[in-house]
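Working notes, beginning with the structure itself.
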Amino acid sequence: MTDAMPAGDRKPLAPPVDESGVIGWARKNLFSSWGNGITTVVLIVGVVWILNWFLEWALFTANFTASTGSECRGGGACWALIREKFRYIFFGSFPYEQHWRPLFAVIAMLAMLVLSADRRMWNWRLLVIWGVGSFITFILMFGQIHIPLSLILFVALVGGVIGLTLRSALAAPSERMAYYALIGIGAVGLVLRIVGILPKWSIAIAPLSYVETSLWGGLPVTLILATYGLAFAFPYGILLALGRRSNLPLIKGLCVGFIELIRGVPLISLLIMASVMLPLFLPSGTTIDKFLRAQVAVILFAGAYIAEVIRGGLQSLPKGQFEAADAMGLNYAQKTLLIILPQALRVVIPPLINTFIGFFKDTSLVLIIGIFDFLNTANQALVDPNWAGFPGEVYLFAAFVYFIFCYSMSRYSKYLEVELNKGTRR
Amino acid sequence: MAVESLGSVPRVKVAPWNDPVIRGWVFQIVVVGLVGFLAWYLVSNTIENLQRQKIASGFHYLEREAGFEIGDTMIEYSPASTYARAIWVGILNTLRVAVLGILLSTLLGTVIGVGRLSPNWLLSRICGWYVEAFRNVPLLLWLFLFYKLISEAFPGPRQAISMLWNSVFLSNRGVYFPVPMADPIHKWMGVAFLIGIAGTWMLARWGRKRQETTGQPFPIISAGLGILIGLPALVWLAGGAPHHMSWPELKGFNFTGGTVIQPEFTALLVGLVLYTSAFVAEIVRSGILALHKGQSEAAAALGLSRGQSMRLVLLPQALRVIVPPMTSQYLNITKNSSLAIAIGYPDLVASINVTINQTGQAIENILIIMAAYLSVSLSISAFMNWYNKRIALRER
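These protein sequence lines are chains A and B, in that order.
The letter at position 343 of the first sequence is residue 343 when you use my numbering, and the numbering goes up by one with no holes.
The letter at position 89 of the second sequence is residue 89 when you use my numbering, and the numbering goes up by one with no holes.
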């Protein structure tokens, strides 16, 4: 068509559109064509309309000072309800005058999480931080902790085994003797305890008044379930992922079966199972705390998902890494701990954080088995007949808190992705 | 020494505790033994506990009368029906939410994912806010919010908002709208619709073959829609066009006649779709971004409009990246529909939960839940894997 036009009839092209400045930017990004222009205008009208309505409701006609629900009626949002109830929403039915304890527990956990986010801390310091932080958290929440003898023996056994595996080639003879001693004490002690020769005995640490878990509620519960769920599920998930990649058929079958079974059913059904069936599984007379049951369900659930994430990391490693490790004559434990896992985990840190965001949100499901997590305490705040009828305000407030946590984690995951890829980027 | 047999490496003598094969078996036997011991311990405790609590075992309870109401049923059900029937009602309700949720969230998610890549800054920003807002807040919270808004912000049946000349009513009891009275012709219309599906499929095959041989495209979408709607309509006309409708009417405290979409169902579906579509949007966006830039440039160079290049060039290729993660979103929507129990929609978990509380037979019921969800999950992933294989890049 235009090719046939003689050269003399060609019109000079229009000068290029100015793309600098506010007007240029708007022309390029908002009004580049007719369709775009119409879309922009419609969207602006829509956004202004919604914002106008929302600000009118949430700010200009809102009530911040009412002392009962009936004073709030008629106008816009009733933020006075949040002002009245925020301590219950954050800490549940924890004794009112002791609210400083869950507050500091939350601060301790947040400090732990923030410190773990710093890459300079990714070494033995992390273990110290988590040890001290967890101790502070639980002593604040419980008020008194009874550390049973069997737990101490178990820790000795596990510590000895881990130390021996990690340092088997490097340890000095005296150090190795210490690990053997730990394993020996742990194993013998546990056997004696199970047989019943060692008495049931525990160390009690009690600086504060005891608060049982059924009184816990709000943000600390959500944080504990999510954080410790992940902390325990992480090593468990690594074992499952290694088992799934193993060439020992029985081990592989067990791991595949467990992962697929857990991933195939909803978390709710696991929670219901934990709350109904766990008591059936144990010898009659033993009772397990409801909170602990939920925590167990969350750990099992998280373990299966983390295993799949880590499997992705293991699969992304080139075969040469495994072969090189074999060629060096390393045994399985050395190969896995020194060569394979560090690389695989580095790859999967960003998806792991996304999994963590998912679990942080999923802990809200524990309200179905009657645990007062943050969403449940928000829900309970609506039940008060004096303040009935303002669901929007409470849920928006709760959504805002969840949003802050999840959004900052997802930002951190994006930052880390860039940060960790610095070495491989050209 | 002389080599006696070429090809067979002489077996190096090692101590049995250093032989990897023997060590592997020992390790396996130890682990399986531990797991087996744990299982035996749990099972024996369970049996003892069940005997002590005098709970019968086995699935005989399924034939007993359930005795509880279910608010929203797709099939005939009354409290006099059996537990098996109640559980079946729950399964159907779960499937209904899952299927509708998958369809709607795929549509909405694709629109938002494509919108995020729009050259229009405002549109892409709004789509981005949507994704962040829904991804970073628990689904359960959205469900509560929508449910409370529907049940508290909408008026009661007496002050129901009427729409479309008094035929559709919005109230806190749900949305009431008219439906045609049952008529024998409906069955035949259904048959005609099934024939229409088969016809469309055949037409699509013929159209593709024609395009391959002659290069002439065939308007399969409009023709297919014509067949799917036209055939049942023809049957309806041939049957004398019965048009008696059942209209919703306010009688006493609630509506009678017509049909109703329950507020629980609405809240669950809306919440699931809005939440999942945010994840779907991210998958669609990353799928399109994974394509080489040359693809969209080539499409533009061919003179395709933005819509055409998206529909004919980009999305079909992006599907290869999109389908595998999409499968897990579909599984998630199915599993997340179990949150229905929190807002009182009677899905599978809700039915089972009542059954556990009434019969005390936790183990059998948990087995049913697991079996039901596993078979649904496996069917979805089998279908998606088949589809994935079909669209996968065929390389020689």
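All residues carry an ideal CB built from backbone N, CA and C; glycine is no exception.
All figures in this text were calculated on a predicted structure; none of them were measured in a lab.
Taking the C-alpha atoms as reference points, what is the distance between S5(B) and E323(A)?
By 1-based counting over the second sequence, the position of residue 5(B) is 5. By 1-based counting over the first sequence, the position of residue 323(A) is 323. With a pLDDT of only 48 at S5(B), under 50, the local geometry of the prediction cannot be trusted, and no value is derived from it.
Since Y402(A) contacts N136(B) with CB under 8 Å, what's their CB separation in whole angstroms?
Residue numbering aside, residue 402(A) sits at position 402 when the first sequence is read from its first letter. Residue numbering aside, residue 136(B) sits at position 136 when the second sequence is read from its first letter. That pair is a contact at about 7 Å.
Reference E19(A), options L208(A), I107(A), R10(A), S32(A), closest by Cα:
The residue you call residue 19(A) lines up with position 19 of the first sequence. The residue with the shortest Cα to Cα distance from E19(A) is S32(A).
Identify the contact partners of V276(A) in chain D, using a Cβ-Cβ distance below 8 Å as the criterion.
In the displayed structure, chain D is absent; the protein chains listed are A and B.
What residues of chain A sit near P16(B), judged by a beta carbon separation below 8 Å?
Numbered from its first residue, the second sequence carries residue 16(B) at position 16. In chain order: nothing, as chain A lies at least about 16 Å away.
From the DSSP output, in three-state form, read off N63(A) for me.
Numbered from 1 along the first sequence, position 63 holds the residue referred to as residue 63(A). Note: N63(A) maps to strand in three-state DSSP.
Less than 9 Å between the C-beta atoms of L348(B) and I87(B), yes or no?
Stepping through the second sequence from its first residue, residue 348(B) is reached at position 348. Stepping through the second sequence from its first residue, residue 87(B) is reached at position 87. Against a cut-off of 9 Å, the Cβ pair of I87(B) and L348(B) comes out as a contact.
What's the gap between the Cα of A223(B) and the Cα of G109(B)?
Along the second sequence, read from residue 1 onward, the residue named residue 223(B) stands at position 223. Along the second sequence, read from residue 1 onward, the residue named residue 109(B) stands at position 109. Spanning the two alpha carbons is a distance of roughly 27 Å.
Do we get a CB-CB distance below 9 Å when we pair G264(A) with the residues of chain B?
As a position in the first sequence, residue 264(A) is number 264, starting the count at 1. Closer than 9 Å: yes.
Ignore the nearest five residues each way along the sequence and tell me which others in L367(A)'s own chain have a CB closer than 8 Å to its CB.
Start at 1 with the first residue of the first sequence, and residue 367(A) comes out as number 367. So the list reads D373, L375, N376, N379, once near-sequence residues are dropped.
Through-space distance from G196(B) to G230(B), alpha-carbon basis
If you number the second sequence from 1, residue 230(B) lands on position 230. If you number the second sequence from 1, residue 196(B) lands on position 196. Their Cα atoms are separated by approximately 9 Å.
Distance check for P16(A) and K28(A), CA to CA, integer angstroms please.
Your numbering for residue 28(A) matches position 28 in the first sequence. Your numbering for residue 16(A) matches position 16 in the first sequence. If you take the alpha carbons of K28(A) and P16(A), they lie about 12 Å apart.
Taking beta-carbon pairs under 9 Å, can you tell me which members of the region 350 to 376 of chain A lie near chain B?
I357, F360, K361, D362, T363, S364, L365, L367, I368, L375
Spatially closest choice to S351(B) from I29(B), G90(B), G24(B), L319(B), by CA coordinates
In the second sequence, residue 351(B) corresponds to position 351, counting from 1. Nearest C-alpha to S351(B): G90(B).
Contact under 9 Å by Cβ, I89(A) with A398(A)
Walking along the first sequence from the start, residue 89(A) turns up at place 89. Walking along the first sequence from the start, residue 398(A) turns up at place 398. For I89(A) and A398(A), yes; Cβs fall inside 9 Å.
Classify K209(B): buried if its beta carbon has 16 or more other beta carbons within 10 angstroms, exposed otherwise.
Taking the second sequence and counting its residues from 1, the one referred to as residue 209(B) is at position 209. Under this definition K209(B) is an exposed residue.
According to DSSP, is E417(A) part of a helix, a strand, or is it coil?
By one-based count along the first sequence, residue 417(A) stands at place 417. Helix.
Residues of its chain near D362(A), where Cβ-Cβ distance is below 7 Å and the 5 sequence neighbours each way are ignored
Position 362 of the first sequence, counting from 1, holds the residue named residue 362(A). L267.
Using a cut-off of 9 Å between C-beta atoms, extract the partners of L416(A) located in chain B.
Residue 416(A) sits at position 416 when you count from the first residue of the first sequence. Listed along chain B, no residue sits closer than 9 Å to L416(A) by beta-carbon distance, the nearest being about 17 Å off.
Taking C-alpha atoms, which residue in L304(B), G239(B), Q329(B) lies nearest to V99(B)?
Taking the second sequence and counting its residues from 1, the one referred to as residue 99(B) is at position 99. Just measuring C-alpha positions, the residue of L304(B), G239(B), Q329(B) sitting nearest V99(B) is Q329(B).
Would you say S377(B) reaches chain A, if we count a Cβ-Cβ gap shorter than 9 Å as a contact?
Within the second sequence, residue 377(B) is the residue found at index 377, counting from 1. Interface residue, yes.
Quick one: is S134(A) near chain B, going by C-beta distance under 9 Å?
For the purposes of this step, residue 134(A) is identified with residue 134 of the first sequence, where counting begins at 1. No, because no Cβ of chain B sits closer than 9 Å to the Cβ of S134(A).
How is the alpha helix (DSSP H) around H186(B) delimited, first residue to last?
Reading the second sequence from its first residue, position 186 is the one you call residue 186(B). Residues 185 to 214.
For K13(B), does the count of other Cβ atoms within 10 angstroms reach 16, so buried, or fall short, so exposed?
To locate residue 13(B), count along the second sequence from 1; it is residue 13. Per the 10 Å Cβ criterion, exposed.
Between the alpha carbons of R64(B) and V175(B), how many angstroms are there, rounded?
Translated into the one-based positions of the second sequence, residue 64(B) becomes position 64. Translated into the one-based positions of the second sequence, residue 175(B) becomes position 175. Whole-angstrom Cα-Cα distance: 34 Å.
Got a sec? Which residues, its chain only, sit under 8 Å from W188(B) by beta carbon, not counting five neighbours each side?
What you label residue 188(B) is simply residue 188 of the second sequence in a count that begins at 1. Here the set comprises V235, G239.
Rounded straight-line distance, which links the Cα of L315(B) to that of Y147(B)
Numbered from its first residue, the second sequence carries residue 147(B) at position 147. Numbered from its first residue, the second sequence carries residue 315(B) at position 315. Spanning the two alpha carbons is a distance of roughly 35 Å.
Would you kindly check if the distance between the Cβ of R263(A) and the Cβ of Y305(A) is under 9 Å?
As a first step, residue 305(A) must be located in the first sequence, where it is residue number 305. As a first step, residue 263(A) must be located in the first sequence, where it is residue number 263. Taking 9 Å as the Cβ cut-off, Y305(A) and R263(A) qualify as a contacting pair.
What does the Cβ neighbour count give for R10(A), buried or exposed, with the cut at 16 atoms within 10 Å?
For this step, residue 10(A) is matched to residue 10 along the first sequence. Looking at its Cβ environment, which holds fewer than 16 other Cβ atoms inside 10 Å, R10(A) is exposed.
Count the other C-beta atoms from every protein chain shown that fall within 10 angstroms of the C-beta of I50(A), then say buried if there are 16 or more, exposed otherwise.
Walking along the first sequence from the start, residue 50(A) turns up at place 50. So I50(A) counts as exposed.
For S162(B), which residues from the same chain have a beta carbon less than 6 Å from its beta carbon, with the 5 sequence-adjacent residues on both sides left out?
Along the second sequence, read from residue 1 onward, the residue named residue 162(B) stands at position 162. Result list for S162(B): F169, in chain order.
Between L42(B) and chain A, is the shortest Cβ-Cβ distance under 9 Å, so that the two count as touching?
Position 42 of the second sequence, counting from 1, holds the residue named residue 42(B). Chain A, which has a Cβ nearer than 9 Å to the Cβ of L42(B), makes this yes.
Does the Cβ of I366(B) have 16 or more other Cβ atoms within 10 Å, making it buried, or fewer, making it exposed?
In the second sequence, the residue the question calls residue 366(B) occupies position 366. Buried: at least 16 other Cβ atoms inside 10 Å.
Give a yes or no on whether 9 Å exceeds the smallest Cβ distance from I139(A) to chain B.
Here residue 139(A) refers to the residue found at position 139 when the first sequence is read from its first residue. Proximity of I139(A) to chain B, defined by a Cβ-Cβ separation below 9 Å, is not satisfied.
Classify S81(B) as helix, strand or coil using the three-state DSSP reduction.
As a working mapping, residue 81(B) is identified with position 81 in the second sequence. Here S81(B) sits in coil by DSSP.
Express the C-alpha separation of P263(B) and L59(A) in angstroms, rounding to a whole number.
Stepping through the first sequence from its first residue, residue 59(A) is reached at position 59. Stepping through the second sequence from its first residue, residue 263(B) is reached at position 263. Take the alpha-carbon of L59(A) and the one of P263(B): they are about 29 Å apart.
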